[in-house]
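In our numbering, each residue carries its 1-based index in the sequence shown increased by 4. For every residue, glycine included, the Cβ atom is placed at its ideal position computed from N, Cα and C.
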Amino acid sequence: RMVGAMAASPVLLEGKLLEPRKAKAAQLVDEVVAPDELLAHAKEWVLNAEDAELVKPWDQKGFKLPGGAPYHPQGFMTFVGASAMINGKTKGVYPAAKALLSAVYEGALVPFDTALRIEARHFTNILMNPTSSAMIRSLFISKEALEKGARRPDASDQKVRKIGVLGAGMMGAGIAYVSAKAGVDVVLVDRDLAAVERGKAHSEEVLDKGIARRRVTEEEKAEVLGRILATADLASLDGCDLIVEAVFEDPDVKADITRSVERIVGDECIFATNTSTLPISELAQASVRPKQFIGIHFFSPVDRMLLVEIIKGAKTGDRAVAKALDYVRQIRKTPIVVNDARFFYANRCIVPYINEGLRMVGEGVEPALVENAAKLLGFPLGPLQLVDETSIDLGVKIAKATRAAMGESYPDEAVDEVLFWMADQGRLGRKAGSGFYAYDTAGKRTGLWGGLRERFGGEGIPPLDEVQNRLMMVQALEAVRALEEGVLSDIREGDVGAILGWGFAPWSGGPFSWLDMTGAGRAMEICVDLEARFGARFAQPSLLSELAKSGEGFYGRFGSVRRAA
5 RMVGAMAASP VLLEGKLLEP RKAKAAQLVD EVVAPDELLA HAKEWVLNAE
55 DAELVKPWDQ KGFKLPGGAP YHPQGFMTFV GASAMINGKT KGVYPAAKAL
105 LSAVYEGALV PFDTALRIEA RHFTNILMNP TSSAMIRSLF ISKEALEKGA
155 RRPDASDQKV RKIGVLGAGM MGAGIAYVSA KAGVDVVLVD RDLAAVERGK
205 AHSEEVLDKG IARRRVTEEE KAEVLGRILA TADLASLDGC DLIVEAVFED
255 PDVKADITRS VERIVGDECI FATNTSTLPI SELAQASVRP KQFIGIHFFS
305 PVDRMLLVEI IKGAKTGDRA VAKALDYVRQ IRKTPIVVND ARFFYANRCI
355 VPYINEGLRM VGEGVEPALV ENAAKLLGFP LGPLQLVDET SIDLGVKIAK
405 ATRAAMGESY PDEAVDEVLF WMADQGRLGR KAGSGFYAYD TAGKRTGLWG
455 GLRERFGGEG IPPLDEVQNR LMMVQALEAV RALEEGVLSD IREGDVGAIL
505 GWGFAPWSGG PFSWLDMTGA GRAMEICVDL EARFGARFAQ PSLLSELAKS
555 GEGFYGRFGS VRRAA
């Protein structure tokens with residue numbers, strides 16, 4: 005009512021933050037004063053205000069809503085545009101934005117006091133919506149608890165003072181940047197000086213973007229870059245209290261660098277590997293100090309992704325876990341602690357999501373239906389776009405390694421038919437300019453590649469809810485199995501890790517919260533149907549069956565925490 009629906013929309017619907025001066029210019033606040041002068045100014049205004057100043061504009065005779073009321077031509081277009089924007093951004097799965105717009109629309113048609121009651125009604129409905137409680141629990145309460153050290157062992161302060169980063173590729177360069185930005189001295193090492201200088205240049209590029217957006221000053225840029233020593237000399241790692249290895253995903257290469265570095269660093273140094281798939285306990289066999297060997301798995305791009313997965317090997321000690329958690333807190337990211345297993349937790353659930361999308365394409369399901377079904381569930385990326393972003397050749401490499409490890413029990417030949425065919429066509433993803441999507445010269449997606457339909461197109465269109473159930477359930481069941489097997493020790497980490505790690509439908513609160521909203525009994529019915537039609541990957545875990553029989557939910561059974569035995 006102060007500024008009109010159009011001017012208020014960015015603040016209300018997008019949560020846009022304004023600097024105090026800009027907020028005043030937009031008429032969102034009456035006055036801007038220093039914090040220590042706020043109370044004095046407020047008292048002065050109350051004591052000296054004229055009677056006319058005490059009457060708000062909407063209580064004055066002849067008041068008209070700025071920009072027009074809902075039935076005014078200009079106001080009508082504002083609400084139509086806002087409604088379209090909300091549906092485009094939320095895909096209909098976030099009820100708060102729609103309720104906000106409804107409260108504004110309905111409230112603008114009635115007196116102010118009545119409008120407040122309308123707003124209270126919408127607020128109460130949202131407050132009681134299970135989506136709201138799930139999001140609040142996972143994205144605020146649980147996330148904050150994990151960041152404050154809910155899973156930290158009882159150990160002395162393990163703040164990192166000097167970190168060595170091995171490998172100056174995309175991941176290593178990103179780790180060096182976030183560490184230096186947090187005030188940690190960094191030694192960035194690669195085999196040759198040219199490679200390591202390119203790695204350091206990544207930090208400069210990120211900082212330059214910050215300067216262009218007026219978020220970083222030249223002085224801050226100089227400070228961050230000054231903390232990064234780029235070198236090809238391993239001896240420079242002497243004095244580091246944490247090493248993060250980010251070299252090729254090859255066990256032999258990792259073993260060689262582990263042995264070489266441990267001969268240089270002090271006995272108290274913690275050694276971490278950034279592997280995304282290789283079991284930590286196996287990599288730790290190359291270490292002479294396995295208690296000080298741990299996994300710290302970053303997600304790409306490192307400077308933007310909030311989650312860090314900390315993996316305990318069979319012999320990893322408490323001090324190593326405390327060191328990793330303290331470091332993650334220093335760089336202001338959210339940690340989850342998981343036990344060792346191939347793919348750990350996040351990738352263990354991401355891979356089935358991607359594979360189910362590829363499997364449906366191979367079955368003849370329209371690729372656009374697969375992608376849109378995922379986005380209508382609230383996933384930021386559909387499975388085909390996700391594999392394009394991570395690169396198809398990487399998917400092929402992981403598939404071959406997994407097949408070699410699993411032998412005859414390998415279950416994904418149907419997936420490989422699609423993935424390997426794409427690789428044979430030279431369509432390796434966004435980095436190559438062509439993948440499941442087509443891209444223009446600037447790297448922007450121009451649509452799904454028509455060759456998919458020609459090669460795998462089938463007859464008939466499956467129901468949307470069937471496609472969505474397959475995409476959701478294949479991930480949620482993998483999360484439950486990870487809990488059953490002890491890879492996860494805390495369901496809070498399962499939910500928070502899923503949302504921050506690969507964008508599992510944030511409205512749901514994560515896979516365990518989603519299963520609780522769905523109900524274990526209903527989830528079991530969906531599993532029975534999907535298993536009968538599509539295979540054993542949808543077989544219900546024993547834990548889900550137990551909960552269905554008892555009528556419990558995951559949070560009802562385990563509360564906030566489930567510790568490993």
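Around the C-beta of Y387, are 16 or more other C-beta atoms found within 10 angstroms, so that it is buried, or is it exposed? Here residue 387 corresponds to residue number 383 of the sequence shown, with the count starting at 1. Residue identity check: residue 387 is Pro in the sequence provided, not Tyr. Per the 10 Å Cβ criterion, buried.
In angstroms with no decimal places, state the Cα-to-Cα distance between T235 and S207. Locating residue 235 in the sequence shown gives position 231, counting from the first residue. Locating residue 207 in the sequence shown gives position 203, counting from the first residue. Rounded to the nearest angstrom, the two C-alpha atoms are 15 Å apart.
What does DSSP give as the partner residue(s) for S438 in the beta ladder? Locating residue 438 in the sequence shown gives position 434, counting from the first residue. Per DSSP, G433 and A442.
In whole angstroms, give me the CA-to-CA distance for E110 and E370. The residue given as residue 110 occupies position 106 in the sequence shown. The residue given as residue 370 occupies position 366 in the sequence shown. Answer to the nearest angstrom: the Cα atoms are 40 Å apart.
Touching or not, the segment 163–174 and the segment 183–195, by the rule of three or more beta carbon pairs under 8 Å? yes
How many angstroms separate the CA atom of S2 from the CA atom of K435? Lying before the first or after the last residue shown, residue 2 is absent from the chain, which here runs from 5 to 569.
Determine the extent of the beta strand (DSSP E) in which L310 is found, giving its start and end residues. In the sequence shown, the residue the question calls residue 310 occupies position 306. Where L310 is concerned, there is no enclosing beta strand (DSSP E), given that its DSSP letter is neither H nor E.
Sequence-distant residues of its chain with Cβ nearer than 8 Å to L468 (five each side left out): In the sequence shown, counting from the first residue as 1, residue 468 sits at position 464. Result list for L468: L373, A377 and L380, in chain order.
Beta-ladder partner(s) of N351, from DSSP: Here residue 351 refers to the residue found at position 347 when the sequence shown is read from its first residue. Answer by DSSP bridge pairing: none, since N351 is not bridged.
For the segment 41–106, list the beta strand (DSSP E) runs that are entirely contained and at least 3 residues long, ordered along the chain. none
Cutoff 6 Å; reference W511; Cβ partners in own chain excluding five residues on either side: The residue given as residue 511 occupies position 507 in the sequence shown. Answer for W511: V97, Y98, T135 and G382, listed in chain order.
Under 8 Å, Cβ to Cβ, is there at least one residue of chain C near G454? Here there is only one protein chain, and chain C is not present.
What three-state label does DSSP hand R267 in the structure shown? Taking the sequence shown and counting its residues from 1, the one referred to as residue 267 is at position 263. In this structure, R267 counts as coil in the three-state DSSP scheme.
Is F252 helix, strand or coil when you go by DSSP? Along the sequence shown, one-based indexing puts residue 252 at 248. Coil.
Helix, strand or coil at N455 [DSSP, three-state]: Start at 1 with the first residue of the sequence shown, and residue 455 comes out as number 451. Per the sequence presented here, residue 455 reads as Gly, with Asn not at that position. Helix, per DSSP.
For the segment 459–490, list the alpha helix (DSSP H) runs that are entirely contained and at least 4 residues long, ordered along the chain. 468–488
CB-CB under 7 Å to F347, same chain, minus the five flanking residues each way: which ones, in chain order? Counting from one through the sequence shown, the residue named residue 347 turns up at place 343. Counting only Cβ-Cβ distances below 7 Å, and skipping sequence neighbours, we find T281 and V355.
Can you list, in chain order, the residues of its chain whose CB lies under 6 Å from that of R5, leaving out five sequence neighbours each side? In the sequence shown, counting from the first residue as 1, residue 5 sits at position 1. Same-chain partners within the cutoff: W62.
Count the other CB atoms, across all protein chains shown, that sit within 10 Å of the CB of K185; report buried if there are 16 or more and exposed otherwise. Counted from its first residue, the sequence shown places residue 185 at position 181. K185 is buried by the Cβ-count criterion.
With H, G and I counted as helix, E and B as strand and the rest as coil, what does DSSP make of R141? Here the question's residue 141 lines up with position 137 in the sequence shown. Helix.
Just reading off the beta strand (DSSP E) that P24 is part of, what are its end residues? Indexing the sequence shown from 1 puts residue 24 at position 20. Where P24 is concerned, there is no enclosing beta strand (DSSP E), although the alpha helix (DSSP H) it sits in stretches over P24 to A29.
Pairwise C-alpha distance: N278 and G19: Here the question's residue 19 lines up with position 15 in the sequence shown. Here the question's residue 278 lines up with position 274 in the sequence shown. Spanning the two alpha carbons is a distance of roughly 35 Å.
Buried or exposed: D392, going by 16 or more other Cβ atoms within 10 Å of its Cβ? Here residue 392 refers to the residue found at position 388 when the sequence shown is read from its first residue. Its Cβ being crowded by 16 or more others within 10 Å, D392 is buried.
Give the secondary structure of G168 by DSSP, where H, G and I count as helix, E and B as strand, and everything else as coil. If you number the sequence shown from 1, residue 168 lands on position 164. If DSSP states are grouped into helix, strand and coil, G168 belongs with the strands.
Candidates R217, A205, A408 and P283: which alpha carbon is nearest A259's? Translated into the one-based positions of the sequence shown, residue 259 becomes position 255. A259 has its Cα closest to that of P283, out of R217, A205, A408 and P283.
Range covered by the alpha helix (DSSP H) that runs through V15: One-based indexing of the sequence shown puts residue 15 at position 11. Start and end: A9 to E18.
Looking at C-beta atoms only, is the number of pairs between the segment 525–536 and the segment 467–484 that lie closer than 8 Å three or more? yes
Quick check on the DSSP output: the alpha helix (DSSP H) that includes F127 runs from which residue to which? Taking the sequence shown and counting its residues from 1, one reaches residue 127 at position 123. Note, F127: alpha helix (DSSP H), F116 to M132.
Who are the Cβ neighbours of S106 in its own chain at under 7 Å, not counting the five residues just before and after it? Indexing the sequence shown from 1 puts residue 106 at position 102. Excluding residues within five positions, the ones whose Cβ falls inside 7 Å are H126.
Bridge-paired residues (DSSP) for K316: Sequence index remark: in the sequence shown, residue 316 carries index 312 (1-based). DSSP lists N343 as partners of K316.
Any idea if V114 is buried or exposed, counting beta-carbon neighbours within 10 angstroms, 16 or more meaning buried? As a position in the sequence shown, residue 114 is number 110, starting the count at 1. Per the 10 Å Cβ criterion, exposed.
Measuring alpha carbon to alpha carbon, tell me which residue in A138, E550 and V312 is nearest G505. The residue given as residue 505 occupies position 501 in the sequence shown. The option with the nearest alpha carbon to G505 is V312.
Express the C-alpha separation of N343 and K316 in angstroms, rounding to a whole number. Reading the sequence shown from its first residue, position 312 is the one you call residue 316. Reading the sequence shown from its first residue, position 339 is the one you call residue 343. Rounded to whole angstroms, K316 to N343 spans 5 Å at the Cα level.
DSSP state of E209 mapped onto helix, strand, coil: Position 205 of the sequence shown holds residue 209. E209: helix per DSSP, three-state reduction.
Give the DSSP-derived three-state secondary structure of F508 in the structure shown. As a working note, residue 508 is residue 504 in the sequence shown. Residue state, collapsed to three classes: coil.
Name the one or two DSSP bridge partners that T277 has. For the purposes of this step, residue 277 is taken as residue 273 along the sequence shown, with counting starting at 1. According to DSSP, which records beta bridges pairwise, T277 is partnered with E249 and G299.
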